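Q:
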Amino acid sequence: MTEPVTKSVYRATVEAVADDPQQMEAILRAQNLPSVGEPTDKNPVPVGEWVLLHLLMKQNGHDWHEEIDACRKAIHNRVQSLRSFHGPETALEALDSVIADLETARESLEEAT
């Protein structure tokens, strides 16, 4: 049985494999985690394969802003690819979903100030 990914387990794992993204990927796959984790009893952090991008950027000395820029570019690239393969309506639905998530994040940040 796989143990839950607690914050302390996550931090220890990150420290142990910070220089080896392949090892981190193997650990994440062993946890059967999705690409984007949702908070659950098993995965309260929530960790997902997105952590690989975060660790790679951190390892290469990028800061928060550069990581956000990379994510922005990735979203743009994926939406364009989705449009090419599945049409503009599908791409717009995916983009609208991202925009809604970002608006929720903004509201949460505004409430915290």
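With positions in the sequence shown counted from 1, the corresponding number in the working numbering is that position plus 749. Note that CB positions come from ideal geometry on N, CA and C, so glycine has one too. Owing to the predicted nature of the structure, the values given are computational and were not obtained by experimental measurement.
(1) Can you give me the Cβ contacts of V828 inside the same chain, cut-off strictly under 7 Å, excluding the 5 residues immediately before and after it?
(2) Does G810 pass the burial test, meaning 16 or more other C-beta atoms within 10 Å, or should it be called exposed?
(3) Just curious, the alpha helix (DSSP H) that N826 is in, first and last residue?
(4) Out of curiosity, what's the CA-to-CA distance linking Y789 and E838?
(5) Just verifying my parser: in three-state terms, what is the DSSP assignment at K807?
A: Let me spell this out:
(1) A840, A843 and L844
(2) exposed
(3) W813 to H835
(4) The question names Tyr, but residue 789 is Thr in the sequence shown. Looking at the two C-alpha atoms, the distance is approximately 32 Å.
(5) helix
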